[in-house]
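Trainee: Top to bottom, those sequences are chains A, B and C.
Numbering-wise (the numbering used here), the first sequence opens with residue -2 and increments by one.
Numbering-wise (the numbering used here), the second sequence opens with residue 34 and increments by one.
Numbering-wise (the numbering used here), the third sequence opens with residue 244 and increments by one.
Glycine residues also receive a C-beta, built at the ideal position from the N, C-alpha and C atoms.
Because the structure is a prediction, the values reported are computed rather than measured.
Dropping the structure in here first, questions after.
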Amino acid sequence: MNGSAPILETRKLNRFFGSVRVTGDVDFALHPGERRAVIGPNGAGKTTFVNLLSGRLAPSSGQVLLGGETVTALGEAQRIKRGMGRTFQITSLFPNLSVRKNVFLAVAEHEGVAWNLFRSAASHRDQFGRVDELLERVGLADVAEVKAQDLPYGRQRLLEIAVALALRPKVLLLDEPAAGIPTSESHIILTILDTLPKDIAVLLIDHDMDLVFRFAQRITVLVQGSIMVEGTPAEIAANERVRKIYLGESDHAAA
Amino acid sequence: MTDRSTAAILLLPPDGVSGTRKALSMSLWLAALAIPTLVPGYTPLANQMVVMILFALSLDLLVGFTGIVTLGHAALFGTGAYTAGILALRLTNDPLITALCGMAAAALVGLVTGSCMLRTKGLAFLVLSLAAAFMLHELANMASSVTGGDDGLQGVSFSPLLGVFEFDFRGHTAFYYSLACLFAAFLLVRRVVNSPFGWSLRGIRENDGRMRAIGCPIYARRLAAYVMSSALAGLAGALQAQTTQFVALNSLSLELSGDVLIMLILGGSGRLYGAFVGVPLFMFAQDLLAKEDPANWYLGQGLILMVMTLFVPGGVLGLVERLRRNLGRGGRR
Amino acid sequence: MEIKKSEWGGETMTAIVTVLFFGVAYGMILYLISVGLSVTMGLMGFVNLAHGVFAMLGGYAAVTLMNQTGMSLFAALPLACLAVTVVGFVLERTLYSRLYGRSELDQVLFSMGLILISMALVRLIWGPMAQPVQLPDYLKGQSLVGGIELPTYRFVLVAFGAAVIVALWVIFERTLFGARIRAAVDNRGMAQAIGIDTGRLFAVTFGLGTGLAALGGALGADVLAIAPNYPLHYIVYFMVVVAVGGLGSIRGPFIAALSIGLADTACKYLLPEMGSVFIFAFVFALLLWRPNGITGKR
Ligand SMILES: Nc1ncnc2c1ncn2[C@@H]1O[C@H](COP(=O)(O)OP(=O)(O)OP(=O)(O)O)[C@@H](O)[C@H]1O
Ligand SMILES: [Mg+2]
């Protein structure tokens, strides 16, 4: 579809938990600047797929390529260093540190100042400039000094995104960023996603179909660990099998 | 965040610390200077405290700031102590050189054991930390021709400090020397924990999985903290050897590893001043309770630990902080 | 020449049999004491350094019953075991359960506290000296087996230990109770979801684990001397058995305990001056290779 080479790619990716196959022969490609959604019913293996991409989990077989290079053997930290960023479905922050410090840690790692031993963190003005800019962007500037654990859950979700954005990723993996945010407010997420640089590739997982269809250029449907179908939102919406398995479900829920 | 002269930065607590706390910490250090003049009889005891504070401070870097729980920290203290002691008997008895060597040896042991142990966590790490210390203890016990075995290293004496100040029987030189080392170590640790590196250690303590997902090389970061802590523990050990002119086999023991952990927790871990509060409290309590029957002291320590974990997490300093916050809130209401 | 050779061969034989015999006896004691720790740690994720306390209490209880009331060994063992089971059960409900889900540091500190308190109490009650075991006459002395003299009591120890271990395995593998424990070790959330009352399961398992430890402590009173420093002195061994054996397993610790029993005995026999250094070096290497123990996932 897209002339450029994929920034992120998987080849015959498999993952077993015991004898259960949670990811099955996934061939997947994400191009620079692409806005992609991955949807699928609960337990379809979406989170597992993100974990395989980010290097949190090792695949049972298959390859992951980042920017054309095989990164299958690299751990999560190393892949992140090569330009990935991710969020977690279950909020994963530094609960006892302030919102500002949460984001600073990510900025410091990204900008390579985290090994500074003798200069006080507070004197890293450039980095704090970026931190404040990010907090502004996700709308957390007013709670910068609050401990992460004292934020309401919805705002923790925003902090989760800010931490990932701090890494200036070329590929951003968002695992249900809107989970825990009332549907009426999920547009905040969309607004934030709209402000992202156009050249970065974004992979979004969510159950909020409204959000997904407004965000995505292409949608991948994952069922029982394998890609069932991939296409434009219109194609997916029109697909009979998807309607049956997935959208039908949410229609029922809505009814 | 303000530009201040280096001297001011070195001497004063970092920003965000209230004026009263600055004044308090300054007067604490100044009061310490006056101990040999005011209560000369207690100088050796005070020296002992200073050495243990340094040791507990080194542990705080691991337990309090990085979240590494070790049961074998004495291995590094003992390494420093034996290195200084053995060097003094065989090669040179210059206090500064032997102290540096003690630090270096402990850092090396920390690097070797740490690079293995830090690949694991949880139970495996605890057991490895026990096993490593246990092995060193056994080795020191066996190599009695070098270490004096069970009797320890007796009669280790050191040449005057900087060629001028003799280690006299009143212990004044020893005390000021230890205090100076502690102060230097304290400034260093404070710098480090307030640096981006130190913050990343807290990040690892809070959520190592998330640190990985922001690209932090956890293992290397932990190892750096471990080696740094080892060097400081080694310095404490070397000071112990130099100021008491004796190295006991128990400087490598599980008991000492446990004691220093209790001292730190009693004061409050992850707070820089926890060691300064915990060590004196511990030693006073020990003095009070152990006189009659060692059993009383075991009971005391056990109760301290139980009460601390069940009711007073954060140690004495944590308690003070909570009380002050509650009072403050009450006042505003 | 011929005679000398066979003599040498005989000596080697004696050495091997002796090491095997003492090693197995020692390993069994280690296993009885540690297996409960492995299961409870696997079940509750609680870092309990104080497990040796219960073995010590079992030892003191049995020795006191025998020495003071003249009770026979085989009456004293189950009584001591029962008493400690109750103590373990109560401690789990009142104290341990408060610390589930707390940080590893808190759990380490809490169990260190328990060790120190138990050491103090035992010292205040029984004094600082080790408690000698007064065995009945028929268990004293040596038995001659294949021309090698071995202490009679250790035979009883090995036989009794083996019987308990078999019973334990049957319970663990064949009963509903065992199945519940295994299910909860595997996946606590799932176990709760299918209606297992994990709180009660924890307490009962903890009680049984401490009871086994008490049995091990009592039975092994002449292997691991019953003295106030017991929980601290042998802590490395218990922890190593569990770490090497693997959490939540009952077979792994068996292999670990026997190996350590045999290796430690062999080392002390062959290289008495080197003590246990080799074993710990080996354990060190093993745990680096398999941090979750021999039965755990790599
Ligand atoms: N560590 C694990 N061990 C065993 N099974 C696992 C593990 N992690 C996930 N699974 C299983 O793999 C399957 C896929 O899980 P995954 O979390 O990837 O699904 P998901 O698509 O993200 O679901 P959801 O929409 O609920 O977030 C599930 O059946 C889950 O039970
Ligand atoms: Mg998921």
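#1: Within the same chain, show all residues whose beta-carbon is closer than 6 angstroms to that of N48(A), passing over the 5 residues directly before and after it, in chain order.
#2: What beta strand (DSSP E) runs, 3 residues minimum, are completely inside the region 170 to 221 of chain B?
#3: Please decide whether F46(A) counts as near chain B, where near means a Cβ-Cβ distance under 8 angstroms.
#4: Where does S95(A) sit, in a helix, a strand or coil, going by DSSP?
#5: Please report how far the alpha carbon of R203(B) lies from the alpha carbon of L71(B), in whole angstroms.
#6: Around ligand 3, what residues have a beta-carbon under 7 angstroms from a heavy atom of it, in chain order?
#7: Quick one: which chain C residues come within Cβ less than 9 angstroms of C249(B)?
#8: Flag F13(A) as yes when its Cβ comes closer than 7 angstroms to any non-hydrogen atom of ligand 1, and as no otherwise.
#9: Along chain B, in chain order, which residues have C-beta atoms closer than 7 angstroms to that of L49(A)?
#10: Taking the straight line between their C-alpha atoms, what separation do you get for F158(B) and C249(B)?
#11: At which residue ranges does the region 419 to 483 of chain C contain complete alpha helix (DSSP H) runs of 4 or more residues, listed in the order of the chain?
#12: Rounding to the nearest angstrom, what Cα-Cα distance links V160(A) and L61(B) in this structure?
#13: Using the Cα positions of F403(C) and L455(C), report the straight-line distance between them to the nearest angstrom.
#14: How about N39(A): is its Cβ closer than 7 angstroms to a heavy atom in ligand 1?
#15: Quick one: list the residues of chain B neighbouring V526(C), beta-carbon separation under 8 angstroms, in chain order.
#16: Counting pairs of beta carbons, one from the region 137 to 148 of chain A and one from the region 2 to 13 of chain A, are three or more of them closer than 8 angstroms?
#17: Only counting the same chain, and skipping five residues up and downstream in sequence, which positions put a Cβ closer than 7 angstroms to that of Q334(B)?
#18: Can you pull the chain B neighbours of R134(A), defined as C-beta to C-beta under 9 angstroms?
#19: How many Å lie between T103(B) and G52(A) at the Cα?
#20: Taking DSSP as the reference, what is the three-state secondary structure of S263(B)?
#21: Going by the C-beta, is V19(A) closer than 7 angstroms to any heavy atom of ligand 1?
#22: Would I522(C) be called buried (16 or more neighbouring beta carbons within 10 Å of its own) or exposed?
#23: Cβ atoms of G59(A) and R79(A): under 8 angstroms apart, would you say?
#24: Is it true that the CB of R152(B) sits closer than 8 angstroms to the CB of L529(C)?
#25: Going by DSSP, what residue range makes up the alpha helix (DSSP H) through F398(C)?
#26: Output needed for P174(A): all residues of its chain with C-beta closer than 8 angstroms, excluding positions within five of it in sequence on either side, in chain order.
#27: Assign T229(A) to buried or exposed, taking buried as 16 or more other Cβ atoms, counted over all protein chains shown, within 10 Å of its Cβ.
#28: So which residues on chain A does S228(B) lean against when the C-beta distance must stay under 7 angstroms?
#29: What residue from R238(A), E232(A), R215(A) and V168(A) has the CA that sits closest to M225(A)'s CA?
#30: Would the region 4 to 21 of chain A count as touching the region 212 to 223 of chain A if we require 3 or more Cβ pairs under 8 angstroms?
#31: Using 8 angstroms for Cβ pairs, my map puts S228(B) next to L94(B). What's the rounded Cβ distance?
#32: Of all Cβ atoms in chain C, is any one closer than 8 angstroms to the Cβ of Q334(B)?
#33: Any Cβ of chain A within less than 8 angstroms of the Cβ of V260(B)?
#34: Taking CB distances under 8 angstroms as the criterion, tell me whether S95(A) reaches chain B.
#35: Which same chain residues end up closer than 7 angstroms to F315(B) when comparing Cβ atoms and leaving out the 5 residues on each side of it in sequence?
#36: Quick one, are the C-beta atoms of F297(C) and G270(C) less than 8 angstroms apart?
Mentor: Working from what's here:
#1: L54
#2: none
#3: no
#4: strand
#5: 13 angstroms
#6: For the structure depicted, ligand 3 is absent and the ligand set comprises only ligand 1 and ligand 2.
#7: Chain C residues near C249(B): none, gap ~20 angstroms exceeds 9 angstroms.
#8: no
#9: Near L49(A) there are no residues of chain B at all, since even the closest Cβ is about 14 angstroms away, more than 7 angstroms.
#10: 21 angstroms
#11: 419 to 429, 431 to 436, 441 to 462 and 473 to 476
#12: 40 angstroms
#13: 12 angstroms
#14: yes
#15: V160 and A164
#16: no
#17: I295
#18: In chain order: nothing, as chain B lies at least about 17 angstroms away.
#19: 29 angstroms
#20: helix
#21: yes
#22: buried
#23: no
#24: no
#25: T395 to R417
#26: T84, R154, E157, I158, I186, L201 and D203
#27: exposed
#28: N113, L114, F115, R116, S117 and A118
#29: R238(A)
#30: yes
#31: Not a contact, Cβ separation roughly 12 angstroms.
#32: yes
#33: no
#34: no
#35: I295, M296 and L299
#36: no
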